[in-house]
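What follows is a single structure, written as structure tokens, with notes after it.
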DNA sequence: ATGGCACCATCTTGGTGA
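Numbering (my numbering), first residue to last: 1 to 259.
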């Protein structure tokens, strides 16, 4: 099974590019972030026509996540547990039913800038809730993964110019510590299980010719539970997508699992 | 040191992002 994560930066602006990539890459499951749309306005027919089940958790203008799947989706839930006051649409879960079932968590983790400040406090509090959900996922001892736009640069090698990110919410020590705490519960960063070394990015800013200079960062991740990590066959970043017409500032990251 | 670009809303400008 091929599963991809893709921050599309707006479904209205990206629908044609997203459809083209789906036709090329043929993922069985696509976990989307920043749909920036309410559920009713999501062009679901475009994807249902391609054989995907469509589950969205949207909101007006900002945020919003979705799961597209060619396999049946069950037990869909929306919202990250732990704060009833939080109305930002950043989390969706579903179980994909294949020859083995897989629990999928799709996230758009808060950016957190400027740091320090209330937005950074929200990011760290959100990651505490993520840690709690991650613990519960592991208790099931079933194949599970958490994927999406983590807005975390895990290591210096995951940025072309790490010094430029030193005080940024994506790279500050507290952010990386919170990410490591979650990984250290027993998750595998799928990309780093397959590829080592610098020069692998999933985001390039629209500004200052970042793509042309390859000034990128790796912030879109797939974290596998031990049971899912045992099924990992491959993980790659479709960086070439960033060079197409009207691209998102993120590109797809995909895993192939023996499911 | 700064801003640069793109998206969204309904506004031709400001909020947000990373």
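The beta-carbon is built from N, C-alpha and C at its ideal position, and this holds for glycine as well.
Check: Secondary structure of residue 196, DSSP reduced to three states; Outcome: coil
Check: Which listed residue (24, 134, 211 and 244) has its alpha carbon closest to that of residue 183; Outcome: 134
Check: The beta strand (DSSP E) enclosing residue 284, as first and last residue numbers; Outcome: Nothing can be reported for residue 284, as the shown portion of the chain is limited to 1 through 259.
Check: Sequence ranges, alpha helix (DSSP H) only - wholly within the region 107-172, length at least 4; Outcome: 118-139
Check: Residue environment, residue 260, which counts as buried when at least 16 other CB atoms sit within 10 Å; Outcome: Outside the shown range of the chain, which is 1 to 259, sits residue 260, and nothing can be said about it.
Check: First through last residue of the alpha helix (DSSP H) which encompasses residue 24; Outcome: 11-25
Check: For residue 202 and residue 210, the rounded distance between their alpha carbons; Outcome: 12 Å
Check: Range covered by the beta strand (DSSP E) that runs through residue 229; Outcome: Residue 229 -> not in any beta strand (DSSP E); alpha helix (DSSP H) instead, spanning 226-229.
Check: Residue burial classification, residue 26 (beta-carbon count within 10 angstroms, cutoff 16); Outcome: exposed
Check: Cutoff 6 Å; reference residue 38; Cβ partners in own chain excluding five residues on either side; Outcome: 58 and 60
Check: Under the three-state DSSP convention, the category residue 237 falls into; Outcome: strand
Check: Three CB pairs or more closer than 8 Å across the region 60-69 and the region 211-227; Outcome: no
Check: Burial state of residue 195 (16 or more Cβ within 10 Å); Outcome: exposed
Check: Range of the contiguous beta strand (DSSP E) that encloses residue 47; Outcome: First-last for residue 47: 44-48, but that is the alpha helix (DSSP H), not the beta strand (DSSP E).
Check: For residue 220, the residue or residues it bridges with in DSSP; Outcome: 149
Check: Delimiting residues of the beta strand (DSSP E) encompassing residue 95; Outcome: 91-97
Check: Proximal residues to residue 179 (C-beta, below 8 Å), its chain only, five neighbours per side dropped; Outcome: 127, 150, 152 and 154
Check: Classification of residue 140 by the beta-carbon crowding that lies within 10 angstroms, buried from 16 upward; Outcome: exposed
Check: Proximal residues to residue 77 (C-beta, below 8 Å), its chain only, five neighbours per side dropped; Outcome: 92, 93 and 94
Check: Counted within 10 angstroms of its Cβ, other Cβ atoms place residue 252 as buried (16 or more) or exposed; Outcome: buried
Check: Residue 4 versus residue 116 - alpha carbon distance; Outcome: 32 Å
Check: At least three beta-carbon pairs within less than 8 Å, the region 12-29 to the region 234-254; Outcome: yes
Check: Beta-carbon gap between residue 232 and residue 186 smaller than 8 Å; Outcome: no
Check: Beta carbon of residue 161 nearer than 8 Å to that of residue 106; Outcome: no
Check: Contact check, residue 172 vs residue 144, beta carbons under 8 Å; Outcome: no
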